[in-house]
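Okay, so here's the structure we're looking at.
Number of protein chains: 2
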Amino acid sequence: MISAIINIHQMPVIRYLLTAALLATPLLATDLPLMPLPAHVTVQAGTVAIDSQFSVSASGPGATDPRVQFAAAQLSKRVARQTGIPLFPKAVTKPEDATVIIQVNHRAAHEPPQRLGDNESYSVSVADGHIRLTAEEPLGALRGIETILQLVQQNHSPDPAGFSVPAVTIQDSPRFPWRGLSLDVSRHFIPADGIKRTLDGLAAVKLNVFHWHLSDDQGFRIESKKYPRLQELGSDGLFYTQDEVREIVAYATMRGIRVVPEFDMPGHSTSWLPGYPELGSSEGPYEIVRGSGVLPAVMDPTKESTYQFLSNFVGEMVTLFPDEYFHIGGDEVNPKQWNTFPHIQAFMAEHKLANAAALQAYFNQRLLKIVTAHGKRMEGWDEILHPDLPKTIVIQSWRSQMSLWQAAREGYQGVLSAGYYLDLMYPASTHYLVDPMKVPLTFKPKKPGDPAPGSPADLTPDQAKLILGGEAAMWEELATAEDIDAKLWPRLAAIAERFWSPESVTDIPSMYQRLDVVNRWLEWLGLQQRSNLELMRQRLAGDAAVGSLDTFSTVLEPVKGYVRHRHKYTSFSPFNHLVDSIPPESEQARRFRVAVDQYLAMDKSTRSSANLRATLSDWANAAQRIRPLLQSNSLLTEDLPVDDAVTTLCAAALDALKYLDSATPPPANWKQSQASNVAQYDNKPVGDFVIPIASAVHSLVNAVQ
Amino acid sequence: MISAIINIHQMPVIRYLLTAALLATPLLATDLPLMPLPAHVTVQAGTVAIDSQFSVSASGPGATDPRVQFAAAQLSKRVARQTGIPLFPKAVTKPEDATVIIQVNHRAAHEPPQRLGDNESYSVSVADGHIRLTAEEPLGALRGIETILQLVQQNHSPDPAGFSVPAVTIQDSPRFPWRGLSLDVSRHFIPADGIKRTLDGLAAVKLNVFHWHLSDDQGFRIESKKYPRLQELGSDGLFYTQDEVREIVAYATMRGIRVVPEFDMPGHSTSWLPGYPELGSSEGPYEIVRGSGVLPAVMDPTKESTYQFLSNFVGEMVTLFPDEYFHIGGDEVNPKQWNTFPHIQAFMAEHKLANAAALQAYFNQRLLKIVTAHGKRMEGWDEILHPDLPKTIVIQSWRSQMSLWQAAREGYQGVLSAGYYLDLMYPASTHYLVDPMKVPLTFKPKKPGDPAPGSPADLTPDQAKLILGGEAAMWEELATAEDIDAKLWPRLAAIAERFWSPESVTDIPSMYQRLDVVNRWLEWLGLQQRSNLELMRQRLAGDAAVGSLDTFSTVLEPVKGYVRHRHKYTSFSPFNHLVDSIPPESEQARRFRVAVDQYLAMDKSTRSSANLRATLSDWANAAQRIRPLLQSNSLLTEDLPVDDAVTTLCAAALDALKYLDSATPPPANWKQSQASNVAQYDNKPVGDFVIPIASAVHSLVNAVQ
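Okay, structure coming up:
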C-alpha cells in the first residue's frame, strides 16, 4: 500500500487545501494548485462558496464573442463535474449578482480563430462573494476561466461540507505567445476523440498551439479529395475525414487554440508515394513503411510535376486550416537517392546545387512560393534554415536553443522543441528546466570552460522577441491511441508552465506539488491518463486481481531516451506489455527518493524510517505476490527479471534501514555485497524498465557505517 | 492490499484461463468466461490463435444486412482493443480463409429494426484454425459475435505470448424473447453519450430491449416540436433533441436492440404541466417536482382536450420510435384530486365510474385508441390491467410474477420487473435467483403452508408463452450520470443471464466467477463503472492520496432498499458522498465471506487463516490511515462512524482468528463482549452503509470455543 508514505502529513502539502484555521502564516501563490503559475498572485483571507446557487455572467464588448459564450457555459458544466453539485442553467437577472462575473473589455482584434500574439492577459479577483474575471480581449477570458476552475477546491473541516474558491488577486499574461504541442499521428493514428481530449487538456493548461504532424513515412492521415490515393493507399484506412478535420479545427478554435498542420517534405514522406509514386525520386513501387528511422524514400525536387502536385495539394489543405502558419517539415532528408540518381545529379549540376542540402534549399524555395501563394507563412524544422529563405519563415528547433538564438540573430522567428520530447520518457523536471532563453543543462562545451555559443544575453530586445516560445513534441513510434493520454499527461502541464509563467518560476518541489493536483484535476475533462493504463494492466493480469500488479508498477519507469527502439518495432507490433501500461514517471518513486534524502539528512535521534519501511514492504510484497502471475501469463513472463530486481532492492533497503536505525553494525562484507547488488540497477535498465528508487537505495546502503 | 486473498490460486478460478497443460480434467462450459451462458457448450482440446493476421468474413443471404456488416467491422476493432494487437482492415480473398467465418443463412424476416420474437439463435464452432459462426438470421450473428469476443483470452505460459480462443462448440438461443433494461432519465438526466455506453453494454450481454422512461414528475426529457413548452419548462434544459433520439434509436438498431419509449400517464406526469397546465386536473400553476414520491398532480381524464393533446403528442413521438410497442406508464396514480375535485366527481358519476381505478381504466381505453390509431401496441405497468382492455396490451409487472401469471391466464402478455430493481442496491445473486417462472423466494404466504397463488405449472403452454421475459429497472432518484455505469454494471449482466440462459443455470458461485471476468471485459467497450467511481473517490480525497480510501471502500456497501430515501433528497442534492462512490456490491467482501465459510468448515489441523488475516489487516490499516482524511475533509467527516465500525470488526475478527488458530482459549467474557461489539453491525446499517463482512466476522467470533 503505497499510501504508507503518502499520508497527508508527509505528502507535499498544498497548504491552501488545509483549513485556514490550521495555517499560522499567510498563503503563498505556490500554495495554490495552479499550473501554469500566474505572473502575479496575492492571497487574502476568506473564500467564496461554490454551491448550487453558482452562476456566471459575461459582459462588456468582448463578451459576445462565441468563444467567451462557450467558455462561460462550459464553466458551469465543469464546476458541476468537478464538485458533483447539480447546476441547472439559471437566468441571472443582473450580471453583478452572478458568482462569476466576467468582463471582457474589448472585442477581439479580428474574427476567430485567434492569431499569434493575440492578447491573452486577464485578472481575477475573488472577494465579497464574487469571482471577478476581467480580460482585455476574449482569449484572456478563456485563460482566466481555466484559472478559476483550478481554484475550486473542497472545504476542509470544520468549514461546512462543500466547495469554495480562496480569496485571491491574480494578474496574469503569458511569457511566450507560441505555446504548443506537436503531435505525431502518423506512426500511430490517434482517432478524433483522442485529439479532442488532447485539445481539452491543452486549453486547461493554457497551451495555444496544436501542431498536427499529419504525414510521415508510416502513414498519411488526412483525406484529400484532390488526391484520394494519398489516404486510400497511405493510411491503412486510418485517417481523418475532412469533416473531422473541420470539426477538430472548430473545436480548437472555441478553446483558443491554433491548429498548425504539418506535412513533412521532402523526406519522411514515404506514405505519399504508394498512391502517387511519381512524386518520389525513385520509380517505386512504394509501400507504407512499417519500421522507423531515416528512410531512403524522398520526393523528387527536379520535376515540375512535383510542384504542381504540391501546389494543388497545399491549395486544398489551406481551405481546412485557417491558421496563418503552414508547417512543411523539412527534417532528416536522407540524401542517398539524390546523391546517386543520375537525373537528380544532372539537375543539381545544371542548377549549380553543390550538395543535397542545397537541393533541399531549392525545394524549400519552390515550396515557399507555393505556401506563400496560398496565403500562408511557412514553418519548418531546423534544416530548412537557409540564407536564401526570407525572414517570414518560422524555425522549429529539434536541435537546441543555440540554433534558435543564431536564427534570431539572422532575423528568423523560432520555436523550441529540443528538450521537450515527451516520447523519450524523461521526468517532468527534466523538461521543466529546459528554457528557450537559457543554455541547456545538457550543453557540453568542446573544451572545458568554453561558453555556450551565442548567449541569449547578447540578443537585442528585438532579436529576443523572435524567440516565440516552444512546443512539446510527442513522436508516436512506441505510443498508441490507447496510452497517448499517459504519454502526454501530466508532464505536458509542467512544460506548459515553462512557456506561460515567468522565467523565475523554476522551483521543482513546488512544480511537483502542483503537478500532482493538476494531474488529477485534468481527469475531470475526460482525460484517461490513469484509467487507460489501469485497463491495460488489467488486460495483462487476465483472470487475476490487478491490485498487486498496480502496486508493483509504481516502482517502475520505462527506459529513457531511444533505448527501447533497439527492439525494432513495426506498425504491427502490439504495445500491450507491462512497460506500455505504466506512466513515464513514477510519482511514488519520486516521493520515496525525497523521503530518503530527508531521512539521511536528519539527525539519527529524531528521524524515523517507519514510512520508508512501509513503502518498501508494500513494493516487496507486491513483487512477491505477482510472481505466480508473471510465471503463468504469457505477456508477463518477460518481466520476471524486473521482479527479481525490485525484490533485491527492497531487501537491501530494508536491511540498510535496520542498521541505520539501530546501533548494531552490519556483518563484515555486508556493505560491499549489498552495494554491488544494488549498483547493478542504479541508473541501469532492467529489460525495458528502470527502477527509479535504485539510486536512493544505493544511498541508504552507502550510508550504513 | 486486498489481493492477499485474491491470488490466483485461491480466487475462484475460471479454469480455461489456466494453461491447458495444467488441467487434468476436461473443461466445462462454466469454465469459460461467458455471460450469459449459452444453451449448449462443449469444449475440446486446442485453441485458435488471435494475432495480427486476424480477419473476418461474412457470407450467406443474411450477411449483407447492415447490422451484420457493422458488427463484423466492429469485431476486428474490438479484438484490437481487447488485446492491444493492431489490426488494419484486410481484404480477405476467400471467405473461408478468414479467422472468423460468419455465415448468415437467411435475410431478416423484415427490414431493421428488429421486432419481438426475431430469430436470435446462432452456433459457434472453433476448430482447425477458424472460428465459424453460423446464424439463421442477422440478429443471431450479432449475438454470436459477442460470444466470440468473450472467448478471446490471453495465453498462459508456456504457450506463446499472445491471445487465443479455445476450441468450443456452441449452440445457443435465448430463453425469453423480451430481455430489457428500463432506465429512468427523468429523476436524473443521462446525456446521450451515457445512453450509448449503456446500449453497448446491453448488446454485449445479449439484452435486446432498451425501455426509455422519458418523463416523470421530475423532468420531461425529450424535445417535442408540436408542444415545445414540454421540454422548455419541464426539463431544466436537460433533454434529448429529436436528432439525438433518432441517433440513439439508430445506434440501438445496429446493435439489435429495440427501443421502447415510456411516457408515464396519467400520474407521474407533473413535468408536462408547467408548460401545459391545462392537461392537469387542477388549475395549476405547476412546477417541476424537486423531491420524489407519489405526487398529487395527475392529468385530467375528463376533458376532450386532454385526448386531443395526447393524440397529437403520440402522433409526433411515433415518428421517432419505430418499435411496435409504446409504453404509457400508468403506475401509482394518486387518486386524491380525482376523488375530491367536483368536475371530476361529476364526470365519474355521469359515466358510472365507481372509483379512481375505474376512471384510470377509462383514461387507458381512450389512450389505447390513440396508441392503436398510431399503429402501436400499448404497454403499461401492472395498474393498467383491466378486463375492458384488449389482449394486445403488454403488462410490465413491478409487483410480482404471480400477477403476471394471473394476467397470462386472462390472455395478457407480460414482462417481469419485480425483483430486478437495480436502484435498491441488492447484490447480483438476489436478482439472479428471481425467475419469471418461479415463485419468488421473498413470497410470504398469508397462512403458513399456503401455496403461492397460481403456480406457473398450472399455465397451459400457450399461456406460458405469454410471459415474454423481463426488464431490469433502474430508477434514478439517487443515481446520476456520473455513477450510472456502476449502478448498472456488472449486476445487469447477471440479470441478462437469467433472461437468456436455460432456467437450470442457477449456480451462484459460477455466476460470480464469470461475472467478475465479464465486468472487466465490459470496460473495453468504454463503460466506466470502475473509472468513474475512482474519480469520485479522488474528489473526496482532495489533495491526499486515494489509495487507502480505495481499499477502505472495498469493505463497504450502500444501504439496501429504500432506507437512503429517508434523507429526502431533491434534484439539487449533490450525490458526491462516499456512499455514491462505491459499487452496490463489494466483490472483495463477498470473497472474504466465502473464505470465512471455507475456513470454518475445514479441519483445524489443515486450515490456515493467513489470507484472511492479511485481508483484515489491509482493511484495518486503511481504516486507520484515512482517519486524518475523514477528520479534515468536509465531505468525509460524516464517515467517521463507519471507520469506527470497520476498525471494530477487523479487530474482533483478527482476535477471533488468533484464538481459532491456537490452543489458547480467550479470556473470560471475551466472546460475550466481542459478539455484542460485532452484532451491532451484523445486517444493520451504519449511516448510509452496510458492512458486508459483519456477518462473517460474527461467525468467526461465535466459532471461538
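These protein sequence lines map, in sequence, to chains L and Y.
The opening position of the first sequence corresponds to residue 5 in our numbering, with each subsequent residue numbered one higher.
The opening position of the second sequence corresponds to residue 5 in our numbering, with each subsequent residue numbered one higher.
Just so it is clear, CB atoms sit at the ideal spot from N, CA and C, and this is done for glycine as well.
- Listed along chain Y are D547, each with a C-beta nearer than 8 Å to that of L/V521.
- Taking all protein chains in view, the Cβ of L/G148 is crowded by 16 or more other Cβ atoms within 10 Å, so the residue is classified as buried.
- Shown here, L/G334 sits in coil according to DSSP, grouped into three states, outside any helix or strand.
- For Y/P117, no chain L residue has a Cβ inside 8 Å of its Cβ, as the nearest lies near 26 Å away.
- Annotation note: the segment 191-250 of chain Y contains the following uninterrupted alpha helix (DSSP H) runs of length 4 or greater, listed N- to C-terminal: 196-208 and 233-238.
- With contact defined as three or more Cβ pairs closer than 8 Å, the segment 544-553 of chain Y and the segment 448-466 of chain Y are not in contact.
- For L/V264, the beta-bridge partners assigned by DSSP are L/H215.
- DSSP, read as helix, strand or coil, puts L/A95 in coil.
- Any Cβ of chain Y closer than 8 Å to the Cβ of L/F224 would place that residue at the interface, and such an atom is absent.
- Residues of the same chain with a CB within less than 7 Å of the CB of L/L604, apart from the 5 flanking positions on each side, are S703 and A707 in chain order.
- Of all alpha-carbon atoms in L/F367, L/G295, L/E291 and L/K450, the one lying nearest the alpha-carbon of L/S309 is that of L/F367.
- Approximately 7 Å separates the beta-carbon atoms of L/L153 and L/Q86; this is inside 8 Å, confirming the contact.
- Residue Y/L408 holds the alpha-carbon nearest to the alpha-carbon of Y/P460 among Y/P449, Y/A422, Y/L408 and Y/D268.
- Residue range R495 to W504 is occupied by the alpha helix (DSSP H) that includes L/E501.
- Proximity of L/A498 to chain Y, defined by a Cβ-Cβ separation below 8 Å, is not satisfied.
- Beyond the five residues adjoining it in sequence on each side, Y/D665 comes within less than 6 Å, by CB distance, of S613 in the same chain, given in chain order.
- By the rule that beta-carbons nearer than 8 Å mark a contact, L/Q635 touches chain Y.
- Taking a Cβ-Cβ threshold of 7 Å, the residues of chain L close to Y/Q542 are R524, in chain order.
- A direct Cα-Cα distance of roughly 37 Å separates Y/A95 from Y/F325.
- A straight line joining the alpha-carbon of Y/V559 with that of L/D511 spans about 41 Å.
- The beta-carbon of L/G691 is placed no less than 8 Å from the nearest beta-carbon of chain Y.
- Under the DSSP definition of a beta bridge, L/I174 partners with L/V45 and L/V128.
- Closest in C-alpha terms to Y/Y573, from the list Y/R191, Y/D607 and Y/G166, comes Y/R191.
- Sequence-ordered contacts of the segment 138-162 of chain Y with chain L read Q157, Q158, N159, H160, S161 and P162 [C-beta pairs closer than 9 Å].
- The shortest CA-to-CA distance from Y/S609 to any of Y/A667, Y/L639 and Y/G530 is the one to Y/A667.
- With a threshold of 8 Å between beta carbons, L/F576 makes contact with chain Y.
- With respect to the C-alpha of L/L519, the residue from L/P494, L/K450, L/V60 and L/N673 having the closest C-alpha is L/P494.
- Within chain Y, the residues F92 and P93 have their CB atoms less than 9 Å from the CB of L/G241, given in chain order.
- With its beta carbon less than 8 Å from one in chain Y, L/A165 belongs to the interface.
- Rounded to the nearest angstrom, the Cβ distance from Y/N123 to Y/L143 is 6 Å, consistent with a contact under 8 Å.
- Straight-line spacing of the CA atoms in Y/V646 and Y/F693 works out to 7 Å.
- Y/V172 is a Cβ neighbour of Y/Q48, given a cutoff of 8 Å.
- The distance from the Cβ of L/P265 to that of L/F330 is about 7 Å, consistent with a contact at the 8 Å cut-off.
- Under the three-state reduction of DSSP, Y/Q532 is assigned to coil, being neither helix nor strand.
- With its beta carbon at least 8 Å from every one in chain L, Y/I697 lies outside the interface.
- Only those residues of the segment 560-584 of chain Y whose C-beta falls short of 7 Å from the nearest C-beta of chain L are listed: S575, F576, P578, F579 and N580.
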